[in-house]
Amino acid sequence: MNDFDLSTYKEDKPFFIKRIIWMVINRTIFRCIPGVKLSFVRNGMLKLFGAKFKGSALIYPSVTIFAPWNLEVGQHSCVGPRVELYSKDKIIIGRNTIISQGSYICTASHDISKLILPLVTKPITIESGAWVAADAFIGPGVTIGEGAIVGARSAVFKDVKPWTVVGGNPAQLIKRRVLEDLNQPK
Amino acid sequence: MNDFDLSTYKEDKPFFIKRIIWMVINRTIFRCIPGVKLSFVRNGMLKLFGAKFKGSALIYPSVTIFAPWNLEVGQHSCVGPRVELYSKDKIIIGRNTIISQGSYICTASHDISKLILPLVTKPITIESGAWVAADAFIGPGVTIGEGAIVGARSAVFKDVKPWTVVGGNPAQLIKRRVLEDLNQPK
Amino acid sequence: MNDFDLSTYKEDKPFFIKRIIWMVINRTIFRCIPGVKLSFVRNGMLKLFGAKFKGSALIYPSVTIFAPWNLEVGQHSCVGPRVELYSKDKIIIGRNTIISQGSYICTASHDISKLILPLVTKPITIESGAWVAADAFIGPGVTIGEGAIVGARSAVFKDVKPWTVVGGNPAQLIKRRVLEDLNQPK
Chain A
1 MNDFDLSTYK
11 EDKPFFIKRI
21 IWMVINRTIF
31 RCIPGVKLSF
41 VRNGMLKLFG
51 AKFKGSALIY
61 PSVTIFAPWN
71 LEVGQHSCVG
81 PRVELYSKDK
91 IIIGRNTIIS
101 QGSYICTASH
111 DISKLILPLV
121 TKPITIESGA
131 WVAADAFIGP
141 GVTIGEGAIV
151 GARSAVFKDV
161 KPWTVVGGNP
171 AQLIKRRVLE
181 DLNQPK
Chain B
187 MNDFDLSTYK
197 EDKPFFIKRI
207 IWMVINRTIF
217 RCIPGVKLSF
227 VRNGMLKLFG
237 AKFKGSALIY
247 PSVTIFAPWN
257 LEVGQHSCVG
267 PRVELYSKDK
277 IIIGRNTIIS
287 QGSYICTASH
297 DISKLILPLV
307 TKPITIESGA
317 WVAADAFIGP
327 GVTIGEGAIV
337 GARSAVFKDV
347 KPWTVVGGNP
357 AQLIKRRVLE
367 DLNQPK
Chain C
373 MNDFDLSTYK
383 EDKPFFIKRI
393 IWMVINRTIF
403 RCIPGVKLSF
413 VRNGMLKLFG
423 AKFKGSALIY
433 PSVTIFAPWN
443 LEVGQHSCVG
453 PRVELYSKDK
463 IIIGRNTIIS
473 QGSYICTASH
483 DISKLILPLV
493 TKPITIESGA
503 WVAADAFIGP
513 GVTIGEGAIV
523 GARSAVFKDV
533 KPWTVVGGNP
543 AQLIKRRVLE
553 DLNQPK
């Protein structure tokens, strides 16, 4: 351990200036535009910084986004209060997808096979019709399948299959999601 | 999935105006009244909005309450810093009960048997002498029994029996709570 | 339960005035000094209140420290955004140690064998080269061994052995940490 010096750690800071400008906007003007009806204004700001929207979507004012240019959000989706989209890598959110309050979508980790712990990033995909419940954590590289349910406070480090329900830390399969009101999707 | 449209989702917003007014007060004046000695002022504000207090209790200034009219707090109880009482349904707190910093008491969920995920709320009861430790999560419909201990960071989705200790996510029984200083309660 | 009265609970408040002054500084001036290059200014403030630094270290502006006089930080270590160092007892951080965003280092608990729940504090040690990942919780009395990895969102209540990887709530051993780039430490 004696020869090791973490202060030599260097990380690529792509788009550094752009990111600082966005950070200031996200923490000031973005936070001040309230409600559902003005969500198009917040989405407009995100688009100016490179986010891709496929139709209307509701991003709450208290959401923190690291890099909008790594964000893609489908139609009718909702990202709730105090969610953090830590988009060091791509975050792709499908249609009719809900991410509830306080959840943390984390695309970054470190390579623990090296003492200096180099940054590792992997994209996260949350597919259409999925619901990530309150205070959940989604780790780098994870895909949440179509229509899947991630229980409140879950910590998810592996892919979640479509139309299943997971929960706990680490998240485990609880059951298949059975729909009452239509033919069960496959 | 193609015919499904989450933007058609409608939620009852009972007491909408009252709730917005309370939200502004909670995030401004309420936060600015410091300490233990002035807790009666904060409690007075909560009472004005329908909270029921049975004697003195200590609600920290940084507590967030969704709907005070759904809150009932017993004598000598304490709700600590940054706790969120998400009282879409009733939250009933007994006497001599402690809810520690950062805990989230969540009365709302969604019905996952339907694609549109309708809101479901269930009351939460935390009985007398219980301690919910730091950063815990209590889900809808849960009753924490008398004198029970909910460990730090636990996520509780099932009832906790009186005089037991639970921990983990999902929370599991750890042991019975044994008191040293008096006849063991039943 | 009827004879029990939590309002009689008294807690020692050592250095009460000093702590209030520090709290105000921590939440105002400290938060306003940005970035890596000015970290020596933040560290200077912490030193004025008794923190011990052994060389340079990076404490983010959004870190909350309960009592700097209980904090000791080794060279080249980093305490990330929104970490809470709840130092009612000693917190000792080694060299080249990383504590990632949102983690909660909690030295205090309560004695659950008594109804009145007296405060219990125990020191926490996070040894050199360890990495505590995002949103983790470290409980009172825990030692995180040299080079150990505590996974994101873990809740750690027992000691973690050197050069191991733990995760989950409660945290469990996942594997030994194997380094690629040099002789494996013992």
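Top line first, the protein sequences correspond to chains A, B and C. If you're matching positions, the first sequence starts at 1 in the numbering used here and goes up one per residue. If you're matching positions, the second sequence starts at 187 in the numbering used here and goes up one per residue. If you're matching positions, the third sequence starts at 373 in the numbering used here and goes up one per residue. From the three backbone atoms N, C-alpha and C, an ideal C-beta is built for every residue, glycine too.
Strictly under 9 Å for the Cβ-Cβ distance: is residue i near chain A by that measure?
i                     : result
residue 345 (chain B) : no
residue 478 (chain C) : no
residue 558 (chain C) : Confidence in residue 558 (chain C) is poor, its pLDDT being 45 and thus under 50, which makes the residue's placement unreliable; the coordinate value appears in the next sentence. No, residue 558 (chain C) does not count as interfacial toward chain A.
residue 482 (chain C) : no
residue 404 (chain C) : no
residue 289 (chain B) : no
Look at the Cβ atom of residue i, then the Cβ atom of residue j, and state whether they are nearer than 9 Å.
i                     : j                     : result
residue 340 (chain B) : residue 322 (chain B) : yes
residue 233 (chain B) : residue 258 (chain B) : no
residue 496 (chain C) : residue 523 (chain C) : no
residue 44 (chain A)  : residue 70 (chain A)  : no
residue 398 (chain C) : residue 355 (chain B) : no
residue 305 (chain B) : residue 294 (chain B) : yes
residue 537 (chain C) : residue 530 (chain C) : no
Quick one: is residue i near chain B, going by C-beta distance under 9 Å?
i                     : result
residue 491 (chain C) : no
residue 506 (chain C) : no
residue 376 (chain C) : yes
residue 460 (chain C) : no
residue 419 (chain C) : no
residue 145 (chain A) : no
residue 486 (chain C) : yes
residue 527 (chain C) : yes
residue 166 (chain A) : no
residue 62 (chain A)  : no
Relative to the alpha-carbon of residue i, which residue among the options has its alpha-carbon at the smallest distance?
i                     : options                    : result
residue 225 (chain B) : B:296, B:249, B:320, B:208 : B:249
residue 130 (chain A) : A:138, A:98, A:159, A:124  : A:98
residue 389 (chain C) : C:401, C:406, C:438        : C:438
residue 473 (chain C) : C:480, C:487, C:451, C:459 : C:451
residue 41 (chain A)  : A:54, A:58, A:27           : A:58
residue 456 (chain C) : C:520, C:395, C:529, C:491 : C:395
residue 36 (chain A)  : A:14, A:54, A:77, A:15     : A:77
residue 167 (chain A) : B:329, B:360, B:342, B:200 : B:342
From residue i to residue j, what does the alpha carbon distance come to, in whole angstroms?
i                     : j                     : result
residue 349 (chain B) : residue 319 (chain B) : 15 Å
residue 238 (chain B) : residue 261 (chain B) : 11 Å
residue 372 (chain B) : residue 366 (chain B) : With a pLDDT of only 44 at residue 372 (chain B), under 50, the local geometry of the prediction cannot be trusted, and the value read off the model is given with reservation. Looking at the two C-alpha atoms, the distance is approximately 14 Å.
residue 381 (chain C) : residue 482 (chain C) : 12 Å
residue 254 (chain B) : residue 215 (chain B) : 15 Å
residue 556 (chain C) : residue 312 (chain B) : Summary for residue 556 (chain C): the model assigns pLDDT 49, below 50, so the residue's position carries little reliability, and this model does not support an answer.
residue 7 (chain A)   : residue 217 (chain B) : 39 Å
residue 198 (chain B) : residue 206 (chain B) : 14 Å
residue 5 (chain A)   : residue 115 (chain A) : 9 Å
residue 147 (chain A) : residue 92 (chain A)  : 15 Å
residue 521 (chain C) : residue 241 (chain B) : 47 Å
residue 267 (chain B) : residue 219 (chain B) : 13 Å
residue 173 (chain A) : residue 357 (chain B) : 16 Å
Please confirm if residue i has its CB atom under 9 Å from at least one CB of chain C.
i                     : result
residue 170 (chain A) : yes
residue 66 (chain A)  : no
residue 324 (chain B) : no
residue 259 (chain B) : no
residue 197 (chain B) : no
residue 100 (chain A) : no
residue 315 (chain B) : yes
residue 282 (chain B) : yes
residue 7 (chain A)   : yes
residue 224 (chain B) : no
residue 363 (chain B) : yes
residue 270 (chain B) : no
How many whole angstroms separate the CB atoms of residue i and residue j, which I take to be in contact at a CB cut-off of 8 Å?
i                     : j                     : result
residue 511 (chain C) : residue 478 (chain C) : 6 Å
residue 500 (chain C) : residue 549 (chain C) : Wrong, their Cβ atoms sit about 14 Å apart, outside the cutoff.
residue 307 (chain B) : residue 274 (chain B) : 5 Å
residue 104 (chain A) : residue 86 (chain A)  : 7 Å
Using only the heavy atoms of the ligand MN, determine whether one of them is closer than 8 Å to the beta carbon of residue i.
i                     : result
residue 165 (chain A) : Among the ligands in the structure shown, none appear at all, so the ligand MN cannot be discussed.
If you measure from the beta carbon of residue i to each beta carbon in chain E, is any gap under 9 Å?
i                     : result
residue 337 (chain B) : No chain E appears in the structure shown, which is made up of the protein chains A, B and C.
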